[in-house]
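Per the working numbering, the sequence shown runs over residues 345 to 708.
Read through the structure below, which is laid out as structure tokens, and then see the notes.
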Amino acid sequence: MSVRVRFAPSPTGYLHIGSARTALFNWLYARKMGGKFLLRVEDTDLQRSTDESTRSILEGLAWLGIADYDEEIVFQSRNADEHRAAALRLVEEGKAYRDFTPKEDRSDLNVKREIAERARSAAVAEGVDHRGNPYRDLPLAESNQRAEAGEPFAVRLKVPREGQTRFADAVYGEQARDHSEIEDLVLLRSGDLSPLYNLSVVVDDIEMGITHVIRGQDHLTNTHKQILIYEALGARVPTFAHLPLILAPNKAKLSKRKHGEVVSLTTYRDRGFIPAAFRNFLALLGWSPGDDREIMSLEELVSEFSLEGIHRSNAIFNFSETDARQWTDQKALWMNAEYLRTLPLEELTPMVKSELESAGLWRP
């Protein structure tokens, strides 16, 4: 089976260094295995997604030297009809159902999510099935009739009442979650029947033939839900590999909102980092070749990369928010300096020419 991986960013801002590392690990694995590296732009948040962000992401991947996608770029928003059709097909097959609960009464609204989660936890502790939705077992004929009459509905997946969803993560090992802890997933929103994230991701991954999903550890909780959708659609479940998070020195998650430009890939490009140096730095942020090597060529990274070499512990991005001299991780600065010292003049010249010209120091 040929390996097919994808990087799937949301174009709602600049390319975060954590996302850049995810893209790099996918690219390295594809090249190591002789597989395909695909790009899918998950632009379904139409209010926040922008063309500028898409351009920034594409430019960042090109700067890292990993923009040689093996197929055309997929834009998720263009696949909404396919996502919707998949959910409605599950309704016809009895694997999902229309939920006619009025919007103001639904417990899956964001504002009520925390309350609903507490209720589910309490129900599980008491051995009560939390999925008491009156529409779960509504006869299909009646469901169709109400839908045809124009009554608004959401579509939910019928999560099995008993058992577990299990999978072997390539990094974190065996994972299991009781079905009693998972609500009947909303696949389509009430009203406009717009597809939700988990459905869109699964349908697109099936259509793209993705064999390995390599992504951040913060997606682990989604994986059990997505496996249920794969199984309902009768599709092969891919191999999952979840990457450790990249944390700030205080062990907090690196955030665009809180940490600003230090987590933006564009910052390193604009500050004159050598692309190969930063790529080398990112590759070793949560992965190792099994020895103490630090300076590695692209060829070496491809040759040595493996999912087994990915660490389970989170990576620390060491920088100071108060000392300008330590504005980023010192290892990144050291590595960039090492690359600068060994870079051939013909490769260095194009990188510094514009700066020298603006300073009046360039002589043709």
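C-beta: ideal position from N, C-alpha, C; glycine also.
- For Tyr-441, the enclosing beta strand (DSSP E) begins and ends at 440 to 443.
- The beta-bridge partner set that DSSP reports for Val-530 consists of Arg-500.
- Annotation: the continuous alpha helix (DSSP H) that includes Arg-399 extends over 395 to 408.
- Nearest Cα to Leu-432 within the set Trp-407, Ser-487 and Asn-477: Ser-487.
- Rounded to whole angstroms, the gap between the alpha carbons of Pro-483 and Glu-492 is 14 angstroms.
- Fewer than three Cβ pairs drawn from the region 509 to 525 and the region 390 to 398 lie within less than 8 angstroms of each other, which leaves the two stretches out of contact.
- By the Cβ neighbour-count rule, Ile-654 is buried, with 16 or more other Cβ atoms within 10 Å of its own.
- For the region 524 to 612, the continuous beta strand (DSSP E) assignments of 3+ residues that do not extend past its boundaries occur at 530 to 532, 556 to 560 and 583 to 587, in sequence order.
- Approximately 5 angstroms separates the beta-carbon atoms of His-427 and Val-547; this is inside 8 angstroms, confirming the contact.
- Its Cα nearest to that of Trp-678, the residue Phe-622 stands out among Phe-622, Val-646 and Arg-656.
- In this structure, the beta-carbon distance from Leu-564 to Asn-658 does not fall below 8 angstroms.
- Membership of Arg-348 in the beta strand (DSSP E) is indicated by the continuous run 348 to 351.
- The residue among Glu-386, Val-349 and Trp-706 with its C-alpha nearest the C-alpha of Asn-370 is Val-349.
- Beta bridge pairing from DSSP links Lys-380 with Arg-348.
- Bounds of any alpha helix (DSSP H) do not take in Gln-519; it lies within the beta strand (DSSP E) bounded by 517 to 522.
- The DSSP assignment places no complete beta strand (DSSP E) segment of no fewer than 3 residues inside the region 628 to 686.
- Between the beta-carbon of Thr-509 and that of Tyr-479 there is about 23 angstroms, and that puts the pair past the 8 angstroms contact cut.
- Check the Cα spacing between Val-499 and each of Ile-554, Gln-489, Ile-526 and Ala-430: the tightest is with Ala-430.
- Boundaries for Asp-513: no alpha helix (DSSP H) harbours it, while the beta strand (DSSP E) harbouring it runs 508 to 513, taken from the DSSP string.
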